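**Q**
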Amino acid sequence: MEFSSKLLENAVYEMSQLPGIGKRTALRLVLHLLKQPPEQTIRLASSLASLRDEIKFCSNCHNISDVATCEICANPKRDESLVCVVEDIRDVMAIENTGQYKGLYHVLGGKISPMEGVGPQDLTIASLVDKSKQGKIKELIFALSSTMEGDTTNFYIYKQLEGLEIKTSAIARGVAVGDELEYADEVTLGRSILNRIPFENSIKA
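Under the working numbering, the residue at position 34 of the sequence shown is numbered 17, and the numbers go up by one with no gaps.
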């Protein structure tokens, strides 16, 4: 792709580094921005810069937040004895949209995947185990996607909790194997949480 401007080329290159954005789509987006009022591009650039500079991760659940403790963890109406283990913020948003879950979350930041070089030490599993040992958590709900990596991560955490008096459950298989939670419809996901099954049963299944 030949460019008449180095500035244009650099902008297209940076835009194309985003997931799912190829060079042609990046060019279309950059040209669109050039046609908009300058303030719109400035607002976009400013919001992205603020995101990188000011974003925080909740000290309790590792969810993305504007403050040290996210709104969910700070809400006294949430059940702190019930913790839903998810991969990232998209899963938190998907479950919250169902309106069916009133506990807290623990965001792992990914799944164990040796093929991609992601091990337990790269996730927030250690802090989850530490929280579990404090005795406040009565039940952990595993809500990772039903993939090999998700199942491996669930089982690893389950083994780390051996000896602790904590109930472990998994969301019901209303969410199809291999599906990501963010793509499940709210009714199906809500029912999957309410109809969760003991984790031991999900292993046998």
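We put the beta carbon where it would ideally sit given N, CA and C, even for glycine. Since the structure is predicted, the reported quantities are computational estimates derived from the model, not experimental observations.
VAL160 to THR171, Cα distance in whole Å?
**A** The pLDDT assigned to VAL160 is 37, lower than 50, so where the model puts this residue is not dependable, and the model offers no usable value.
**Q** Can you name the residues that DSSP bridges to ALA109?
**A** Answer by DSSP bridge pairing: none, since ALA109 is not bridged.
**Q** Quick one: using the 10 Å Cβ neighbour count with 16 as the cut-off for buried, is PHE182 buried or exposed?
**A** Answer is buried; the Cβ neighbour count reaches 16.
**Q** Using beta-carbon positions only, say whether LEU16 and THR24 come within less than 7 Å of one another.
**A** Cβ atoms of LEU16 and THR24: closer than 7 Å.
**Q** Three-state secondary structure (DSSP) at ASP74?
**A** In this structure, ASP74 counts as helix in the three-state DSSP scheme.
**Q** Spatial neighbours of ARG179 within its chain, please: C-beta separation below 7 Å, excluding the five flanking residues on both sides.
**A** These residues qualify, in order along the chain: ILE124, SER152, ALA153, ILE154, ALA155.
**Q** Terminal residues of the continuous alpha helix (DSSP H) containing LYS94?
**A** Run containing LYS94: none; DSSP gives neither H nor E here.
**Q** Assuming ARG61 and LYS85 form a contact by the criterion Cβ under 8 Å, report the distance between their Cβ atoms to the nearest whole angstrom.
**A** That belief holds up - the Cβ atoms of ARG61 and LYS85 are roughly 6 Å apart, short of 8 Å.
**Q** From this set, SER175, LEU14, LYS119, which residue's C-alpha is nearest THR81's C-alpha?
**A** For the residues SER175, LEU14, LYS119, the minimum Cα distance to THR81 belongs to SER175.
**Q** If you draw a straight line from the alpha carbon of ILE108 to that of CYS67, how long is it in whole angstroms?
**A** Distance between the alpha carbons of ILE108 and CYS67: 13 Å.
**Q** Taking DSSP as the reference, what is the three-state secondary structure of GLN23?
**A** Three-state DSSP puts GLN23 in a helix.
**Q** Beta strand (DSSP E) containing ASP134: first to last residue?
**A** Where ASP134 is concerned, there is no enclosing beta strand (DSSP E), although the alpha helix (DSSP H) it sits in stretches over 131 to 143.
**Q** DSSP beta-bridge partners for SER48?
**A** In DSSP, SER48 forms a bridge with LYS39.
**Q** Take the Cβ of VAL90 as the centre, count every other Cβ of all protein chains shown within 10 Å, and call the residue buried at 16 or more, exposed below.
**A** With 16 or more Cβ atoms within 10 Å of its Cβ, VAL90 is classed as buried.
**Q** Can you tell me which residues form a DSSP beta bridge with LEU65?
**A** For LEU65, which the question treats as bridged, DSSP gives the partners GLU122.
**Q** Quick one, which of GLU(-3), ALA28, GLU148, GLU79 has its alpha-carbon nearest SER115's?
**A** Among GLU(-3), ALA28, GLU148, GLU79, the Cα nearest to that of SER115 belongs to GLU148.
**Q** What's the C-alpha gap between GLN0 and GLU54?
**A** Taking the straight line from one Cα to the other gives about 32 Å.
**Q** In whole angstroms, give me the CA-to-CA distance for ILE47 and GLU145.
**A** If I take the Cα positions, the gap works out to 29 Å.
**Q** Measuring straight from C-alpha to C-alpha, what distance separates SER110 and MET98?
**A** Distance between the alpha carbons of SER110 and MET98: 24 Å.
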